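**Student:**
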Amino acid sequence: MSLMTAVPDALASAASDVAGIGSALSSANAAAAAPTTALLAAAEDEVSAAVAAVFGAHALEYQALSAQAAAFHRQFVQALSSGAASYAGAEALNVQQVLLDAINAPTQTLLGRPLIGNGADGAPGTGQAGGPGGLLIGNGGNGGSGVAGVGGAGGRGGAAGLFGRGGNGGAGGTNAAGPGGAGGAGGSGWLFGDGGAGGTGGVGTTVSGTGGAGGNGAVFGNGGVGGAGGAALTGGLAGNGGAGGNAGLIGAGGDGGAGGVGAPGTNGVNPTPNQISQAPNGADGAPQIGGSGGAGLPGTPGTVAGQAGGDGGFGGFGSASSAGPISGGNGGNGGHGGAGAAGGNGGRGGNGENFGTGWAYGGNGGNGGDGGAGARGGDGGDGGGGTASFAPFGGNGIGGNGGAGGRGGTGAAGGDGGNGGGASGAALTLIGSGGNGGPGGAGANNAGSGGTGGAGGAGGHGGLLWGNGGHGGAGGMGGIGGTGAEGGDGGKGGTGLVGGDGGNGGAGGAGGNGGNGGAGGKGGGAGMFGHAGVHGAGGTGGAGGAAGTGTAINGNPGDPGGFGAAGADGQPG
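1 is the number of the first residue of the sequence shown in full-length UniProt numbering; add one for each residue after it.
Here's what the structure looks like:
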């Protein structure tokens, strides 16, 4: 193996000597330039002139080569001078390192820690702790990140020396089949030094890791900031923010780490389109000559999402010439609508006709079917008319009552009530009352605006002479609107120990349509003359899922996002 010894002073002296040689050569070339490039011919003949021209051309070529040689000489001198300076700098550093090694040797041997110098950083992906800084002067090394794939915890930051800052904690490792790793705690300061920041929690499928706690401050130092909690994946929980570090005798407590971000909500699923727009209607009642009409059958309810309920069948009319009462058949009730579909309409009551001395009653209208979620209720059926004999002293005709409107689905309007049937009687009828209108359906309650109540049906007409008109149906009751959410409380500030100022309360995380953000971590306690740390900000709420596009039907709304986790409390100073 060959060795080389370099003496910086000798190299610098040689560079100066070489520069002097170059300067002398340049002066000589400049002095020879005029006599050699402008030679006079020995005589006035052509031969003498040609000889003088040849020597002048050689002189010009020599001057060009001399200029190139001078440039190379300057570069050589510059390289020699730079080399001398580099050797001198390296020798100076080597002397400092040798001196530093001599100073650190006793404490390194006795305590395993140098007197001056920064601690070594932990290797990434190992969770290795950072090395401590020098006892006198030195920052702690940063902790290594946790093992990825298994949720390894981040390494702790190294402790600082008397003058220095604690190392930062390593980030927690990710985990594809379980909880994420916790962030490493920040290293502590000592006499004049701040604590290091906590590491960020790792992302996990079930729950993300908690942020590492901030390192404690020294006698004259601030606590470190807590690490942020890991963000949540879909279906998982966000990690808590790390606690802020304690302050020293004079200093401020560290801020709590922010809670992890909540996962976004999933997209809505498009419902399968249903080719059946409405369930089958109820059959109409059979008419009856010589007796009361048959009742209409109820409509079939919707059985799948998006299928409207069937309409109720009409009541059959009744017709007879009798001293007893004759009535039309009642209308069938409308079927209830499936999810997202309207309820069926009630069937109309049949007319009652009596050509004898008895009474005639119109059939009652069927009730409207209730609407599915988000859909309107069906309308009530109209009441049938009652018609008595037109012969003198004939019976009285009474119209049937209108059916009630169906109730609206969640957030939707109720159906309208049916109209009352009209009444007519003989020329000398004493009583001929119209039927009452059906009440409107009630609007559904909703977390937002309540549904609108349905309109009441109109009353039927009374008899020609003294009959009373039917009462109009009452309008449906409107749905109750949802109660507004209560605002969150601000976080509690850190407690002052000896004489520090109290910390400000942090703002809670804003919840989105998706998951609510986690509450911020509690700020660390104050020292004697410092102020407490500010609480960490709450995690951002996950965004709500986009609604499905659907084809003939609107998509269902997206599921809400997961909740962001709460930030951890800071420690008292």
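Ideal placement from N, C-alpha and C gives every residue a C-beta, glycine not left out.
From a predicted model like this one, the values you see are computed outputs, not experimental measurements.
When the Cα of SER151 is compared with those of LEU162, ALA159, PRO179, PRO35, which residue comes out closest?
**Tutor:** Correcting the residue type first, residue 151 is Gly in the shown sequence and not Ser. Answer by Cα proximity: PRO179.
**Student:** Along the chain, where does the alpha helix (DSSP H) containing ALA21 start, and where does it finish?
**Tutor:** In the sequence under discussion, the amino acid at residue 21 is Ile, which differs from the Ala named in the question. First-last of the alpha helix (DSSP H) with ILE21: 8-37.
**Student:** By Cβ distance, which residues of its chain are closer than 8 Å to GLY236, with the 5 residues on each side in sequence left out?
**Tutor:** Within the same chain, GLY236 has close Cβ partners GLY204, THR205, THR206, VAL207, SER208, ALA263, GLY562.
**Student:** Pick helix, strand or coil for PHE76, following the three-state DSSP scheme.
**Tutor:** helix
**Student:** Run the CB neighbour count on PHE393, radius 10 Å, all protein chains shown included, and call it buried at 16 or more, exposed below.
**Tutor:** With a pLDDT of only 39 at PHE393, under 50, the local geometry of the prediction cannot be trusted, and the value read off the model is given with reservation. Burial call: exposed.
**Student:** In angstroms, rounded to a whole number, what distance separates the CA positions of LEU80 and LEU25?
**Tutor:** Straight-line measurement puts the Cα of LEU25 at about 19 Å from the Cα of LEU80.
**Student:** Are there three or more Cβ pairs, one per stretch, closer than 8 Å when the region 100-110 is compared with the region 32-48?
**Tutor:** no
**Student:** Excluding sequence positions up to five away, which residues of its chain have a Cβ less than 7 Å from the Cβ of GLY484?
**Tutor:** Because the pLDDT of GLY484 is 41, which lies under 50, any placement of that residue in the model is unreliable, and the question is left without a value.
**Student:** What would DSSP say about ALA85, mapped onto helix, strand or coil?
**Tutor:** In the structure shown, ALA85 falls within a helical segment according to DSSP collapsed to helix, strand and coil.
**Student:** ASP121: buried (16+ other C-beta within 10 angstroms of its C-beta) or exposed?
**Tutor:** Within 10 angstroms of the beta-carbon of ASP121 lie 16 or more other beta-carbons, which makes it buried.
**Student:** Among ALA53, ALA123, ALA238, which residue has its Cα nearest to the Cα of LEU40?
**Tutor:** Out of ALA53, ALA123, ALA238, ALA53 has the C-alpha closest to the C-alpha of LEU40.
**Student:** Identify every residue that forms a DSSP beta bridge with ILE116.
**Tutor:** ILE137
**Student:** Would you kindly work out how many angstroms separate the C-alpha atoms of GLU353 and GLY329, rounded to a whole number?
**Tutor:** 12 Å
**Student:** Work out the CA separation of GLY201 and ASN168 for me, nearest whole Å.
**Tutor:** If you take the alpha carbons of ASN168 and GLY201, they lie about 13 Å apart.
**Student:** Quick one: what does DSSP say ILE326 is sitting in, helix, strand or coil?
**Tutor:** strand
**Student:** From PRO287 to ARG348, what distance separates their C-alpha atoms?
**Tutor:** If I take the Cα positions, the gap works out to 13 Å.
**Student:** What is the C-beta distance between ALA153 and GLY144, in whole angstroms, given that I count them as a contact (C-beta under 8 Å)?
**Tutor:** So it is not a contact: roughly 10 Å between Cβ atoms.
**Student:** For GLY20, count the other beta carbons within 10 Å of its own beta carbon; 16 or more makes it buried, fewer makes it exposed. Which is it?
**Tutor:** It counts as exposed.
**Student:** Just the Cα atoms here: how many angstroms apart are ALA231 and GLY244?
**Tutor:** 19 Å
**Student:** Reducing DSSP to helix, strand and coil, say where LEU233 ends up.
**Tutor:** coil
**Student:** Using the Cα positions of TRP190 and ASN118, report the straight-line distance between them to the nearest angstrom.
**Tutor:** 14 Å
**Student:** Could you pull out every residue in the same chain whose Cβ sits closer than 6 Å to the Cβ of GLY131, ignoring the five residues on either side in sequence?
**Tutor:** GLY119, ALA120, GLY141, GLY158
**Student:** Looking only at C-alpha atoms, which of ALA160, PHE76, THR126 sits nearest to GLU184?
**Tutor:** Per the sequence shown, the amino acid found at residue 184 is Gly instead of Glu. Among ALA160, PHE76, THR126, the Cα nearest to that of GLY184 belongs to THR126.
**Student:** Given ASN333, which residues of its chain have a CB within under 6 Å of its CB, disregarding the five upstream and five downstream residues?
**Tutor:** PRO298, GLY312, GLY346, GLY366, ASN367
**Student:** State the CB to CB distance for the pair GLY211 and GLY241, rounded to an integer number of angstroms; the pair is presumed to be in contact (CB under 8 Å).
**Tutor:** 5 Å
**Student:** Express the C-alpha separation of GLY217 and LEU136 in angstroms, rounding to a whole number.
**Tutor:** Those two C-alpha atoms are separated by around 16 Å.
**Student:** Which of helix, strand or coil does DSSP assign to GLU44?
**Tutor:** coil
**Student:** Keeping to the same chain, check which residues put their C-beta closer than 7 Å to that of GLY161; ignore five residues upstream and five downstream.
**Tutor:** GLY133, GLY134, LEU135, LEU136, ILE137, GLY138, TRP190
**Student:** Leaving out the 5 sequence neighbours to the left and right, which residues in its chain are closer than 8 Å to VAL18 when beta-carbon positions are compared?
**Tutor:** HIS73, PHE76, VAL77, LEU80
**Student:** Rounded C-beta distance between GLY340 and GLY374? I'm assuming under 8 Å.
**Tutor:** 5 Å
**Student:** Just the Cα atoms here: how many angstroms apart are LEU149 and ASN175?
**Tutor:** Correcting the residue type first, residue 149 is Gly in the shown sequence and not Leu. Cα to Cα, GLY149 sits roughly 4 Å from ASN175.
**Student:** Using the Cα positions of ALA197 and ALA213, report the straight-line distance between them to the nearest angstrom.
**Tutor:** 7 Å
**Student:** Taking ALA171 as the reference, which of GLY181, ASP382, ALA238, ASN364 has the closest Cα?
**Tutor:** Comparing Cα positions, the closest option is GLY181.
**Student:** Per DSSP, which one or two residues make a beta bridge with ASN175?
**Tutor:** GLY149, GLY204
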